[in-house]
Amino acid sequence: MPKILRADGMNKCLGCFTCMLTCAAVNKKEHSMFKSAIRVRTTGGLTSSFVGIVCLGCTDERACAEVCPTGALRPRTGGGVILSPEKCIGCKKCIDACIVGAVNFDEDLHIPIICKHCGICAQFCPHQCLTMEEV
Amino acid sequence: MLGEDKRVLFIDLSSEKLRIEKRVDLNASIGGIGIAIRLFEENFHPDLPPLDDSQPIVFAVGALTSVFPVMTKTVAVFYSPHTGELGESYAGGRLAFAMMQAGYDAIVITGKAKRPMYISVRSDNVSFRDARALWGLPSTVIGRVIREREPGPGKRSIIRIGPAGENGVTYASVCVDTYRHFGRLGLGASMGAKNLKAMQVYGTTPIAIKDFPAYWNAYRAVYKKCTETELMQKYHDLGTSINIEPLNSLGVLPTKNLKQAVFEHGEKISGEAFAESNLIRKMACVGCPVGCIHIGQFRREFDKEGHEYESISVGYDYELIFALGSFLGIKSTDEILALIDEVEELGMDAMSAGVALGWATEALQKGVITEKETLVPLKFGDKDNYLAALRSIACRENAFYEALGKGVAHVSSVYGGADFAMHIAGNEMAGYHTGYGALIGMSVGARHSHLCNGGYSIDQGLKTVDLDVIAQKLFQEEIDRCMFNSLIMCLFARKVYDRATILMALQSLGYPYTDEDLSRVAEETYAAKIRVKRAMGFDQEAVRFPKRFFETPSMHGLLDEEAAYETQRKFNAMTNDLVKRYETPPAEQVAAATKKPAKAVDPA
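Residue numbers (our numbering), protein chains in the order written: chain A, 1 to 135; chain B, 136 to 739.
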């Protein structure tokens, strides 16, 4: 069964950013968490609450893929999209199209950072903020 | 840079000039305190006062910063205006992560800004910004103003001082990212003397993982240990405040200026009491899966008419509950949070501030000083008077509060009452009257902190009191922690990171360090600290303990004064032996260090 990442326990978030560190490490071989597909941030300073911005795994209509001029984003079974980097020209249209802002951009490789729903972030979340839902 | 040669940013506030140096010679010192003490030693002026414009403030991150769990600390080394010798303080939060991402292992700040200023350090620029309008504002406001003015969304760090730092309170603190601090020894006053209100650090430098399988195996192993260890669970559950209850039961919780070591209202201010009535949130430093930061909320009435209230949340920890709670006879969690909030707004070290108020209360009771000095009738258990007194310290209300703002060693030298001025070598005591380990540990600790060598913990682990054993344990711990602080780990995790684990983590990032290197760096770093302290005029054997330490029973019963001095001498003899072994002139050390570059593979 395919799975989709859900950030439905963000009220419990400690702000440790282990999810971002492990996503960047595993998927991008990078120590910099700015290469992570999942993004956790405050809503304005540390006294505010944390939000988790993740790919919602759209199924029927995928805005990011629809606007892609080169067909670099193809549907992923269960939801979300898969990036073919060789087809991507780095136009960033997918970033604008995603209404929840879940598409990050790799400024060094000049390609979007697309969540694979691999579940590494959920596996290393120490406070059960992230879960993998079977779809 | 992580896994690479050390890169140091020098900022001179007087000329507003920058210099960046690649420092291959620092590679052998691992990082953290190892490199910070060297940079400080190179740049400080022992013949000039601690707050002279030319004195440096050094910030450094460690060899494993942010990329391994619980490697969350930044060290600051400075010339302490409080003790007049080595200033060394650690803070968590986001600063270490932000410095790593900005691409710097260390930042050295010298000079004095012509007018109040804040600086913004980024990987691609350093900006000097006008902060005149921010002078006098509490640190809480500064965070918001800078956040709104400066680019750097998301993962930045903002460190700032409050009015106490501007006004030269020698135990002024620096607030790091709202909930963490460089608390002790007066870094806030050092920044204030430089007209430096705040510093933002932000960067997004990509750092490729060199050997992913090695790194990932090491990371997973450490993460598992961290999240499955019972010890770390304790820090997450109730936080450090969990210790109030057991330490009070043991009879070692300093209470009412250490007139007693048992607080009759201890259960009302325990970790459990805070959790039940005030705890609203827990947070973590970047890269820490434990999350020990505990935020408590209390309600404040701001208008007596019409039921007007605001809710205020502040971080709380064991040491704050001791210093602003039991030490002042404050017996409710709400009142302690109100005092913590005031200290936070004013920007001063909660521990020194609480101990200073404890002394002032007893001095007033004993007639050493009068209400003419204190302005309010300070009394154990009376929060409102303490709130007023804290404000008087921060704004130097009169000559007495100005003296109190320089610590209890100073104020008691002016007014008397030194026997119950609870400091050790000029630094106010920590919340442990456990016995010889805690007392001597703070005296011989390089920065006179309970965290130098954990003497309070050694006391609690002893079955019988043997002063030679205590001296040896303190010495070993003091040196080991120099190595931990080069990585820089949060000391809560010291049992997770045994030697083998540390070596595995370092080697997975491509550092070539061996077990011998770790031992060598620990000793070299300690020797460098002692050299710096002695250049500043510190004499270990001249340290005298206030009488009160020997009048209130500890875990070891009543402590014997002569035995304490004898143990201090024994420790100092061990220090002398070690320092002698590292007397090599700096030039030769550099030559030896550069023979061994950090990179495992020579690109040629």
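For every residue, glycine included, the Cβ atom is placed at its ideal position computed from N, Cα and C.
| said: Assess contact between the region 283-292 of chain B and the region 314-328 of chain B, defined as three or more Cβ pairs (one per stretch) separated by less than 8 angstroms. Is contact present? | reply: The answer is no - the region 314-328 of chain B does not touch the region 283-292 of chain B, with fewer than three Cβ pairs under 8 angstroms.
| query | Do the region 498-515 of chain B and the region 332-346 of chain B make contact, defined as three or more Cβ pairs closer than 8 angstroms? | reply | Touching, no.
| message | Suppose contacts are defined by Cβ-Cβ distances below 9 angstroms. Is B:L472 in contact with B:V449 by that definition? | response | yes
| message | Measuring only the C-alpha atoms, how far is A:C55 from A:L21? | response | 17 angstroms
| Where does B:M235 sit, in a helix, a strand or coil, going by DSSP? | Helix, per DSSP.
| request: Check the Cβ of B:A419 against every Cβ in chain A and list those closer than 7 angstroms, keeping chain order. | output: L14, G15, C16
| said: Please classify B:F437 as buried or exposed, where buried requires at least 16 other C-beta atoms within 10 Å of its C-beta. | reply: exposed
| field | First through last residue of the alpha helix (DSSP H) which encompasses B:M618 | value | Element bounds for B:M618: 602-619.
| request: Have a look at A:M132 and B:V196 and give me their C-alpha separation to the nearest angstrom. | output: Each residue's alpha carbon lies about 35 angstroms from the other.
| query | How many angstroms separate the CA atom of A:G90 from the CA atom of A:P112? | reply | 7 angstroms
| query | For B:K734, which three-state DSSP category applies? | reply | Legend: pLDDT at B:K734 = 45, less than 50; position of this residue unreliable, no value from coordinates given.
| message | Let's test the definition: count the other Cβ atoms within 10 Å of the Cβ of B:H583 and tell me whether it reaches 16, buried, or not, exposed. | response | When all chains shown are included, B:H583 counts as buried.
| field | Close Cβ partners of A:A7 (< 6 angstroms) along its chain, the five nearest in sequence each way excluded | value | G52, V54, L130
| query | Can you name the start and end residues of the alpha helix (DSSP H) that B:S292 belongs to? | reply | Segment 292-295 is the beta strand (DSSP E) holding B:S292; no alpha helix (DSSP H) there.
| Inter-stretch contact at 8 angstroms, needing at least 3 Cβ pairs: the region 656-673 of chain B / the region 225-236 of chain B | no
| If we cut at 9 angstroms on Cβ distances, does B:L137 have a partner in chain A? | yes
| request: Look up B:C310 in the DSSP assignment and give the residues it is bridged to. | output: B:R295, B:H316
| field | Contact under 9 angstroms by Cβ, B:V256 with B:I623 | value | No, the Cβ-Cβ distance between B:V256 and B:I623 is not below 9 angstroms.
| query | What does a CB cutoff of less than 7 angstroms around B:I172 pick up in its chain, not counting 5 residues either side in sequence? | reply | Here the set comprises V212, T660, A663, K664, V667.
| message | When you compare the CB of A:L83 with every CB in chain B, is at least one pair closer than 9 angstroms? | response | no
| message | For B:T275 and B:A485, I'd like the C-alpha separation in whole angstroms. | response | 16 angstroms
| request: In angstroms with no decimal places, state the Cα-to-Cα distance between B:K734 and B:K141. | output: In this predicted model, B:K734 has a pLDDT of only 45, less than 50, meaning its place in the structure is not dependable; the value taken from the coordinates is given anyway. Using only the alpha carbons, I get a separation of about 11 angstroms.
| message | Which residues in chain A have a C-beta closer than 9 angstroms to the C-beta of B:S448? List them in chain order. | response | T47
| request: Note down, one range per segment and in chain order, each alpha helix (DSSP H) of at least 4 residues found wholly within the region 26-92 of chain A. | output: 63-67
| message | Rounded to whole angstroms, what is the Cα-Cα separation between B:E407 and B:D372? | response | About 10 angstroms.
| task | State yes or no: is the beta carbon of B:V425 nearer than 9 angstroms to at least one beta carbon in chain A? | result | yes
| message | Let me check understanding here. Comparing Cα to Cα, which of B:S292, B:E686, B:V421, B:E301 lies closest to B:R267? | response | B:E301
| request: Report yes or no: is there a C-beta of chain B within less than 9 angstroms of the C-beta of A:F105? | output: With respect to chain B, the C-beta atom of A:F105 has no partner C-beta closer than 9 angstroms.
| task | Indicate whether the contact test is met: 3 or more Cβ pairs, each with one atom in the region 184-201 of chain B and one in the region 232-247 of chain B, closer than 8 angstroms. | result | Short answer: they touch.
| message | Taking the beta carbon of B:Q368 as the centre, do at least 16 other beta carbons fall within 10 Å, making it buried, or is it exposed? | response | exposed
| Buried or exposed: A:V103, going by 16 or more other Cβ atoms within 10 Å of its Cβ? | buried
| task | Return the CA-CA distance between A:C64 and A:L5, expressed in angstroms with no decimal places. | result | Roughly 17 angstroms separates the two Cα atoms.
| query | How is the beta strand (DSSP E) around B:R284 delimited, first residue to last? | reply | Unbroken run through B:R284 is the alpha helix (DSSP H), 274-284; no beta strand (DSSP E).
| field | Contact the region 313-322 of chain B vs the region 344-360 of chain B: 3+ CB pairs below 8 angstroms | value | no
| request: Assuming B:L626 and B:F619 form a contact by the criterion Cβ under 8 angstroms, report the distance between their Cβ atoms to the nearest whole angstrom. | output: 7 angstroms
| message | In the DSSP output, which residue or residues are listed as bridge partners for B:L153? | response | Looking at the DSSP assignment, B:L153 forms a beta bridge with B:I146.
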